[in-house]
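Right, one structure below, let's go through it.
Numbering (the numbering used here), first residue to last: 503 to 921.
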């Protein structure tokens, strides 16, 4: 509605457009007459009278009607209905039949061997935006459009066009033309076919002979997952693949890619060495933890032929549940019988001194501990330098952490303790 202070409104246009005018007058009659000037074809509609309501005569604007309930438009359909899709086999067979018989075809596709494939412009345009632009630019002769798909075998083009119709293909044909179809799917923007080709290659079609070629093709066709799989395969089998003909051709044609692959091999080897180093460290710390348990077991409870004097020994025929017990028993016997028992005088005795000190640093109850020299090393710790103290703290933390870290070495005997 017009406001009371609006005197006039004019919207002018030309050649058949409307010309609306509100004549100046009393505010109560501003809406009583609308003149519409149109083309001669619509002169009988040039005058429309709109009667005013009593509310308008008193200058009151009626309230708008209440909002209606939510209308379910096509765009507001439940998601579960729009996403449901069931394509029966009969439908695929019908589309396959339409492609093979070429009924009502209006496109001829000329392949590399000058052979012709009949197709339908509507199907090609919907399936591939690239083909749609080619068809738009092609000339029509006798109702038929002609386009060319060169560079690939005729059979590969037939498989490509058939997939656009029914998404069907033969397994044996896919083995022979999967690389050609990967190129076609990328060149003509058919992502569904690209996914099929990539999955087919990932399922075991890659070999040491063709992986380099597939890698270059995957990089050109924007297939990052396939590229990563190829790189991993080359890194794992670098010695074999680097002697293939495909690698030699790649060296000459694409030295940048060769450099990237060599860097990947070096990086993977470094990661492998680092991983092995950490596993070895973890093995040592776990063995030290088992040794501490075995040492406490011997000194507190006794084991077979060695233990405290107040314990009854079970004999050498009884099995022990501590994997490092036998090695500790041999080392303890050597420690008490060695004549050069001073630190640094004997390699095996020096190792025993270190184990006793490690136990003392782990032990939380030295006053009641039955392991020899536990309290002695507790006092000695107060006299050590900060540098030595820091080294021992790191060792103790890693030994304790090894207890809670499950690994493949939890049940192995600590063989490095044998004298």
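Ideal Cβ positions, reconstructed from N, Cα and C, are used throughout, including at glycine. As the structure is a prediction and not an experimental result, all values here were calculated from the model.
In angstroms, rounded to a whole number, what distance separates the CA positions of residue i and residue j?
i, j, result
"residue 713", "residue 761", "16 Å"
"residue 862", "residue 896", "15 Å"
"residue 826", "residue 882", "27 Å"
"residue 833", "residue 851", "8 Å"
"residue 576", "residue 608", "Bear in mind that the predicted position of residue 576 carries a pLDDT of just 49, short of 50, making it too unreliable to give a figure here."
"residue 849", "residue 769", "39 Å"
"residue 878", "residue 886", "13 Å"
"residue 900", "residue 780", "12 Å"
"residue 735", "residue 692", "27 Å"
"residue 632", "residue 620", "18 Å"
"residue 748", "residue 888", "60 Å"
"residue 644", "residue 752", "48 Å"
"residue 604", "residue 696", "25 Å"
"residue 724", "residue 892", "53 Å"
"residue 776", "residue 710", "27 Å"
"residue 596", "residue 622", "14 Å"
"residue 898", "residue 841", "30 Å"
"residue 786", "residue 745", "39 Å"
"residue 884", "residue 829", "31 Å"
"residue 705", "residue 854", "56 Å"
"residue 782", "residue 774", "12 Å"
"residue 866", "residue 759", "59 Å"
"residue 894", "residue 797", "19 Å"
"residue 742", "residue 750", "12 Å"
"residue 789", "residue 740", "35 Å"
"residue 591", "residue 642", "35 Å"
"residue 625", "residue 690", "14 Å"
"residue 627", "residue 616", "22 Å"
"residue 589", "residue 688", "25 Å"
"residue 754", "residue 772", "27 Å"
"residue 836", "residue 784", "27 Å"
Nearest by alpha-carbon distance to residue i: which of the options is it?
i, options, result
"residue 890", "871, 856 and 607", "856"
"residue 606", "647, 616 and 592", "647"
"residue 686", "794, 654 and 739", "654"
"residue 873", "836, 795 and 625", "795"
"residue 737", "786, 665, 764 and 625", "764"
"residue 721", "756, 706 and 835", "756"
"residue 602", "563, 663 and 614", "663"
"residue 594", "670, 643 and 894", "670"
"residue 611", "661, 837 and 588", "661"
"residue 860", "838, 880 and 625", "880"
"residue 482", "839, 754 and 793", "What the structure shows of the chain is the stretch from 503 to 921, and residue 482 is not part of that stretch, so it cannot be assessed."
"residue 803", "784, 838, 871 and 754", "871"
Mind checking whether residue i and residue j have CB atoms under 8 Å apart?
i, j, result
"residue 875", "residue 902", "no"
"residue 702", "residue 680", "yes"
"residue 708", "residue 716", "yes"
"residue 719", "residue 684", "yes"
"residue 598", "residue 668", "yes"
"residue 799", "residue 905", "no"
"residue 614", "residue 682", "no"
"residue 727", "residue 700", "yes"
"residue 629", "residue 600", "no"
"residue 808", "residue 831", "yes"
"residue 649", "residue 659", "no"
"residue 822", "residue 801", "no"
For residue i, which three-state DSSP category applies?
i, result
"residue 542", "Any reading at residue 542 must be qualified, since the residue scores a pLDDT of 44, below 50, and its modelled position is unreliable; the value itself is stated next. Three-state DSSP puts residue 542 in a helix."
"residue 617", "coil"
"residue 872", "coil"
"residue 610", "strand"
"residue 927", "Residue 927 lies beyond the residue range present for the chain, which begins at 503 and ends at 921; the question has no answer from this structure."
"residue 649", "strand"
"residue 808", "strand"
"residue 622", "coil"
"residue 551", "Annotation note: pLDDT 41 at residue 551 (below 50); position unreliable, no value reported."
"residue 841", "coil"
"residue 798", "helix"
"residue 654", "coil"
"residue 825", "coil"
"residue 865", "coil"
"residue 753", "helix"
"residue 886", "coil"
"residue 530", "With a pLDDT of only 40 at residue 530, under 50, the local geometry of the prediction cannot be trusted, and the value read off the model is given with reservation. In this structure, residue 530 counts as helix in the three-state DSSP scheme."
"residue 904", "helix"
Between the stretch 627-639 and the stretch 669-676, can you find at least three pairs of beta-carbon atoms closer than 8 Å?
no
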